[in-house]
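J.: In this note's numbering, the protein residues as written are 3 to 189. Think of the CB as a built atom: it goes at the ideal place given N, C-alpha and C, for glycine as much as any other residue. This is the structure I have questions about; it appears just below.
Laid out in structure tokens, this is it:
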């Protein structure tokens, strides 16, 4: 048995069709993350497990997924923190700004890394750096150097203003990640 609640940022229930964060509570919900007290304290509250998923609920109690409260995506079955990829790339010498996001390109949703740097980097150098630090499934599909990262009037990154990358797709984006995935794709 698990109960679901849709709450606002103050922990109060939202009205039907309003977006809020999904909280789960019940005897079948874990009491914390394995050996991660800090994350457990952040996500497991007296209100329940704070999922990070944004949902809206209709009058019949059906939930509709609307996105995430954080900068995470799910790709190839893996939950990926875009901020972790950005943090990895910004560690490079001369790298001043990095934005990693999903973009719709030729009817495919791809992971794109945009960067501003005082050092000129080639894509193979960036790929090598990411693969030395992060798992293969976190490697962006497309790469684009930009003069600056566009911001909205409120100072947030304006993802819609980021250009479509003009590099060629990276082969790994369209090929199986391992033997099991290849077998499943052929099934």
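Is it buried or exposed, residue 81, if we count other Cβ atoms within 10 angstroms and call 16 or more buried?
T.: The count along the chain shown starts at 1 and reaches residue 81 at position 79. Residue 81 should be labelled exposed.
J.: Measuring alpha carbon to alpha carbon, tell me which of 64, 52, 93 and 139 ends up nearest residue 71.
T.: Against the chain shown, residue 71 aligns to sequence position 69. Comparing Cα positions, the closest option is 52.
J.: Contact check, residue 2 vs residue 167 under 8 Å by CB: the rounded distance?
T.: In this structure the chain extends from 3 to 189, so residue 2 is not present and cannot be described.
J.: Going by DSSP, which residues form a beta bridge with residue 113?
T.: Walking along the chain shown from the start, residue 113 turns up at place 111. Beta-bridge pairing links residue 113 to 104.
J.: Round the Cβ separation of residue 95 and residue 112 to the nearest angstrom and send it over; I've been treating them as touching at under 8 Å.
T.: Here the question's residue 95 lines up with position 93 in the chain shown. Here the question's residue 112 lines up with position 110 in the chain shown. At roughly 27 Å, the Cβ-Cβ gap does not stay under 8 Å, so residue 95 and residue 112 are not in contact.
J.: Taking 8 Å as the limit between beta carbons, can you name the residues of its chain near residue 61, skipping five residues before and five after?
T.: For the purposes of this step, residue 61 is identified with residue 59 of the chain shown, where counting begins at 1. The residues are 18.
J.: Along the chain, where does the alpha helix (DSSP H) that runs through residue 193 open and close?
T.: No answer is possible for residue 193: the residues shown for the chain start at 3 and end at 189.
J.: Given this structure, state the Cα-to-Cα distance separating residue 10 from residue 88, to the nearest angstrom.
T.: Within the chain shown, numbered from 1, the residue matching residue 10 stands at position 8. Within the chain shown, numbered from 1, the residue matching residue 88 stands at position 86. So the alpha carbons of these two residues sit roughly 28 Å apart.
J.: Quick check: the Cα distance between residue 123 and residue 160, rounded to an integer number of angstroms?
T.: In the chain shown, counting from the first residue as 1, residue 123 sits at position 121. In the chain shown, counting from the first residue as 1, residue 160 sits at position 158. For residue 123 and residue 160, the distance between alpha carbons rounds to 23 Å.
J.: Using only the alpha-carbon positions, how far apart do residue 41 and residue 97 sit?
T.: For the purposes of this step, residue 41 is identified with residue 39 of the chain shown, where counting begins at 1. For the purposes of this step, residue 97 is identified with residue 95 of the chain shown, where counting begins at 1. So the two alpha carbons sit approximately 29 Å from each other.
J.: Give a yes or no on whether the C-beta atoms belonging to residue 49 and residue 67 are separated by under 8 Å.
T.: Counting from 1 along the chain shown, the entry for residue 49 is found at position 47. Counting from 1 along the chain shown, the entry for residue 67 is found at position 65. Going by C-beta atoms, residue 49 is not nearer than 8 Å to residue 67.
J.: In whole angstroms, give me the CA-to-CA distance for residue 129 and residue 146.
T.: As a first step, residue 129 is located in the chain shown; it is residue number 127 there, counting from the start. As a first step, residue 146 is located in the chain shown; it is residue number 144 there, counting from the start. Rounded to whole angstroms, residue 129 to residue 146 spans 12 Å at the Cα level.
J.: Give the range of the beta strand (DSSP E) segment to which residue 6 is assigned.
T.: As a first step, residue 6 must be located in the chain shown, where it is residue number 4. It spans 5 to 9 - the beta strand (DSSP E) in which residue 6 sits, taken as one unbroken run.
J.: Rounded to whole angstroms, what is the Cα-Cα separation between residue 174 and residue 143?
T.: To locate residue 174, count along the chain shown from 1; it is residue 172. To locate residue 143, count along the chain shown from 1; it is residue 141. Unreliable placement is indicated for residue 174, whose pLDDT of 44 sits below 50; the coordinate value is still reported in the next sentence. Going from the Cα of residue 174 to the Cα of residue 143 covers about 7 Å.
J.: Short of 6 Å in beta carbon distance, which residues of its chain neighbour residue 34, apart from the five on each side in sequence? Order them along the chain.
T.: Mapped onto the chain shown, residue 34 falls at position 32. Correct list, in chain order: 42 and 46.
J.: Can you tell which of 154, 117 and 59 has its C-alpha closest to the C-alpha of residue 16?
T.: Along the chain shown, one-based indexing puts residue 16 at 14. Taking only the C-alpha atoms, the option nearest residue 16 is 59.
J.: Name the DSSP beta bridge partners of residue 46, please?
T.: The sequence position of residue 46 within the chain shown is 44, counting from 1. 51, per the DSSP bridge assignment.
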